[in-house]
Amino acid sequence: LHEKPKSIDEFASELDRLGLLKLMSKEMRTPLKNFYTMEKIMILLFAAIVRKSPVIVIDCILDHVDDETVEPILKELLKLKEDRIIILGTRHRTRFLPLADLYISLKNGTIEYKGSPRELVFKR
1402 LHEKPKSIDE FASELDRLGL LKLMSKEMRT PLKNFYTMEK IMILLFAAIV RKSPVIVIDC
1462 ILDHVDDETV EPILKELLKL KEDRIIILGT RHRTRFLPLA DLYISLKNGT IEYKGSPREL
1522 VFKR
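The sequence shown: position 107 = 1508 (the numbering used here), numbered continuously.
(1) Roughly how many whole angstroms lie between the Cα atoms of D1484 and A1501?
(2) Would you check if there are 3 or more beta carbon pairs closer than 8 Å linking the stretch 1470–1477 to the stretch 1491–1506?
(3) May I ask you to report which of helix, strand or coil DSSP gives I1462?
(4) With H, G and I counted as helix, E and B as strand and the rest as coil, what does DSSP make of K1453?
(5) What residue range does the beta strand (DSSP E) around S1426 cover?
(6) Any idea which residues DSSP pairs I1505 with across the strands?
(7) Taking the continuous beta strand (DSSP E) assigned at I1487, which residues delimit it?
(8) Using the three-state DSSP reduction, which class does D1467 fall into: helix, strand or coil?
(9) Out of L1446, T1438, K1407 and P1432, state which residue places its alpha-carbon closest to the alpha-carbon of R1418.
(10) Looking at L1481 and I1459, is the spacing between their C-beta atoms short of 8 Å?
(11) Determine the closest residue to M1429 out of L1478, S1408 and M1439, with distance taken between C-alpha atoms.
(12) In or out: L1402 buried (at least 16 other Cβ within 10 Å) or exposed?
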C-alpha cells in the first residue's frame, strides 16, 4: 500500500498476454464497467500474477461463463498452477477436471469424494 503508483508500461507484457492491454483506454484507471466478464476474470488473474500470490482461490466465478470463454481462462490457470496453489470452487464437475491434482466433492457439507480426478473418472 505504500508503493508509488505503477505505470501501465511496467505491466504491458502481462496485460498484453492476458488480452487486456488493448482494453486499457484510461491506463490503470480504466473503469471495470468497460470490461466483459472474461476480461474481469483475467484482471483478477493479472492481480494474482503481479502480486505473486502463492495461493489463488476462485469460488464459482467461472460457473457462469460459456465454454468458449472459459478456454483462455483455463489455459491461464494451467500456467499459473505450475508454481502456485489454485483452489477452485465450482458446480461444473468435469469442466475443470484437467486442472485438478486433487478433487474434493461436497454434498450437503459432507465430503462425498476426495482423491485424484483420474480415480474419480474411472470409478464412475
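Even glycine gets a Cβ: it sits at the ideal position worked out from N, Cα and C.
Let me lay it out:
(1) Reading the sequence shown from its first residue, position 83 is the one you call residue 1484. Reading the sequence shown from its first residue, position 100 is the one you call residue 1501. Whole-angstrom Cα-Cα distance: 14 Å.
(2) The stretch 1470–1477 is in contact with the stretch 1491–1506.
(3) Along the sequence shown, one-based indexing puts residue 1462 at 61. Note: I1462 maps to coil in three-state DSSP.
(4) Within the sequence shown, residue 1453 is the residue found at index 52, counting from 1. In the structure shown, K1453 sits in coil (DSSP, three-state: anything other than H, G, I, E or B).
(5) Residue 1426 sits at position 25 when you count from the first residue of the sequence shown. Element bounds for S1426: n/a, residue is neither H nor E.
(6) Locating residue 1505 in the sequence shown gives position 104, where the first residue counts as 1. The bridge partners DSSP lists for I1505 are K1515.
(7) By one-based count along the sequence shown, residue 1487 stands at place 86. From DSSP, the beta strand (DSSP E) with I1487 extends over I1486 to G1490.
(8) In the sequence shown, the residue the question calls residue 1467 occupies position 66. D1467: coil per DSSP, three-state reduction.
(9) Numbered from its first residue, the sequence shown carries residue 1418 at position 17. Restricting attention to L1446, T1438, K1407 and P1432, the CA atom closest to the CA of R1418 is found in L1446.
(10) In the sequence shown, the residue the question calls residue 1459 occupies position 58. In the sequence shown, the residue the question calls residue 1481 occupies position 80. Contact: no.
(11) The count along the sequence shown starts at 1 and reaches residue 1429 at position 28. Distances from the CA of M1429 to each of L1478, S1408 and M1439 were compared; the closest alpha carbon is that of S1408.
(12) On the sequence shown, position 1 is the one that residue 1402 refers to. At L1402, the pLDDT of 40 sits below 50, so the modelled position is not reliable and the matter cannot be decided from this model.
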